[in-house]
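Numbered by the numbering used here, the letters in the sequence shown go through residues -2 to 316 in order.
Quick reminder that beta carbons are idealized off the backbone N, C-alpha and C, glycines included.
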Amino acid sequence: MDKSSLDPSLIEQLKKLQQKYAVMGQDLSSYLDGLLHADYLTYWDYIHVDTLLSLQNPKTSFPDEKVFIIYHQITELYFNLILWEIEQVAQREPIEEIYFVQRLDRIINYFRQLESSFAVMVDGMEQGQFLKFRMSLLPASGFQSAQYRMIEICSTDMINLVNVHEREALIEYSDLEQQLENIYWKSGATELATGKKTLTLQQFEEKYMKLLKAIALKYRNSNLKQIFERHFPASREVISRLREFDQLANVLWPLAHLKSAGRYLQKAPEDIKATGGTNWQKYLPPRFQKIMFFPELWSEAEKADWGKAGVINALLKHN
Ligand code: HEM
């Protein structure tokens, strides 16, 4: 073939491009001019590496504060991946079983990474440094992670997120608003005696409550539990994934997290106060919170022993 002549497949591509631009009333030739002058894409521009690495701003000069910030950011990115999958599942119409299973597998994989990588916190900072720099972070707390709350809301019905002591009473005759008012983390950060909310909670509510309520309304009929019940209530494949997700999100990740709270904040003679002001020993353990996204998938015995060591080991072996 003459070197100056164009490959027929290239001409075919040009024709297709011309059609594509013509549909929008655009002139292909001008866009080809643009291509002629455009720079090649680089990795650093595409991934925004410089921006990414400019987002760590320690409040103190303790070197381990950077570990603390970056690991929180890594977690938030994984949370974002999880939400991304849930959003696509919720919008899929019609939804096939294989699609649902594959997306649940992705979510499970992300949570597994989060659980196992928590060692970066548990073993990765000097306690002496941590106990000092944390005082500069008051009253900020991971408690204020909105994406964590969104994952919960998009996974199940609001009633399953109600404080365990109110849940029974609110199962019947309560609306979404009432349930949201009694969501477990609000009571966790409210003094029982005075009813006073911690500053951490007050600030979080001010910034995010409207958005969380809107998300709760949006996912009322399209959260993961609803999709499961509507489309695949008898699927063993789906059920085993949902059980694993429930365990990871509500027992295993919380326990990995709790281990870091124990490692840094439990110090004789008395426990150190949390930055978010909760009574964290009573609030954080999954056996007290008893949050389950899919309670119908657990036996009465499993529910009664939720978050207790023996049950966790048995479940891990089973899955
Ligand atoms: C040394 C590391 C950590 C310690 C000592 C710690 C401690 C705590 C404590 C004491 C609480 C209870 C709320 C409060 O009073 O502040 C809490 C809540 C929370 N933290 Fe952490 N945390 C650590 C790392 C992380 C990381 C890396 C994340 C990732 C985003 C995270 C996310 C959360 C979330 C989502 C909650 C709310 C949990 C719930 O409501 O059940 N934490 N943390």
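- prompt: Is the beta carbon of residue 46 less than 8 Å from the beta carbon of residue 117?
  reply: no
- request: Could you tell me how far apart the beta carbons of residue 273 and residue 138 are, in whole angstroms, since I believe they sit closer than 8 Å?
  value: Confirmed, about 3 Å.
- prompt: From 175, 226, 20, 196, pick the residue whose C-alpha is nearest to that of residue 135; which is it?
  reply: Residue 196 holds the alpha-carbon nearest to the alpha-carbon of residue 135 among 175, 226, 20, 196.
query: When DSSP builds the beta bridges, which residues end up paired with residue 159?
result: 180
message: If you follow the alpha helix (DSSP H) that residue 150 is in, where does it begin and where does it stop?
response: 143 to 152
- prompt: Closer than 7 Å: is that where the CB of residue 211 sits relative to any heavy atom of the ligand HEM?
  reply: no
- prompt: Thinking just about the alpha-carbon of each residue, which of 289, 248, 299, 291 is nearest to the one in residue 109?
  reply: 248
message: Between which residues of its own chain and residue 66 is the CB-CB distance below 8 Å, once the five residues before and five after are set aside?
response: 53, 54, 55
query: Roughly how many whole angstroms lie between the Cα atoms of residue 19 and residue 51?
result: When rounded, the distance between both Cα atoms is 42 Å.
message: Would you call the stretch 245 to 263 in contact with the stretch 279 to 291, where contact means no fewer than 3 C-beta pairs closer than 8 Å?
response: yes
message: Could you give the first and the last residue of the continuous alpha helix (DSSP H) run that contains residue 263?
response: Counting along the chain, residue 263 falls outside any alpha helix (DSSP H), and DSSP gives it neither H nor E.
- prompt: Alpha carbon to alpha carbon, how far is residue 177 from residue 207?
  reply: 11 Å
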